[in-house]
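Residue numbers (our numbering): 29 to 150. Where a beta carbon is used, it is the ideal one built from N, C-alpha and C, also for glycine. Single-structure report; data block below.
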């Protein structure tokens, strides 16, 4: 059976373990997008899970090495299910504008991600 992963940081690990489940982010609701928990078939690290931080003067994206050293890297694996929604399908049902969907996909590609590996649970 294929495994799919939710990638996050150590910052969120304690709360996830305490709650016993993954929760959707409130950020999606703020932008009027259908909230979802995101997963990737990438078995190493999902490039879009790398966090942005404020370095004192601007927001910068951490490298994988920097993230590992500063806020950690965690993944939760679950069996892949046909009940998960693909990134392409989410574009139609997630209340996300087509231009924004395309822009987010392009940003992911530029970071080294493969949108065909992205799935979510609504």
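What does residue i pair with, by DSSP beta-bridge criteria?
{"i": "residue 104", "result": "34"}
{"i": "residue 160", "result": "Shown here, the chain extends from 29 to 150; a query on residue 160 therefore has no answer."}
Under the three-state reduction of DSSP, which class applies to residue i: helix, strand or coil?
{"i": "residue 49", "result": "coil"}
{"i": "residue 153", "result": "Nothing can be reported for residue 153, as the shown portion of the chain is limited to 29 through 150."}
{"i": "residue 111", "result": "coil"}
{"i": "residue 131", "result": "helix"}
Please go through the same chain and pick out, in chain order, the residues whose beta-carbon is closer than 6 angstroms to the beta-carbon of residue i, but skip the five residues on each side of it.
{"i": "residue 29", "result": "107"}
Can you list, in chain order, the residues of its chain whose CB lies under 8 angstroms from that of residue i, leaving out five sequence neighbours each side?
{"i": "residue 126", "result": "119"}
{"i": "residue 56", "result": "62, 63 and 64"}
Locate the beta strand (DSSP E) running through residue i, then write down its first and last residues.
{"i": "residue 65", "result": "65-68"}
{"i": "residue 149", "result": "146-149"}
At what residues does the alpha helix (DSSP H) containing residue i begin and finish?
{"i": "residue 115", "result": "115-121"}
{"i": "residue 60", "result": "Element bounds for residue 60: n/a, residue is neither H nor E."}
Evaluate contact between the stretch 91-110 and the stretch 64-83, counting only Cβ atoms and requiring at least three cross-stretch pairs below 8 angstroms. Three or more Cβ pairs drawn from the stretch 91-110 and the stretch 64-83 lie within less than 8 angstroms of each other, which places the two stretches in contact.
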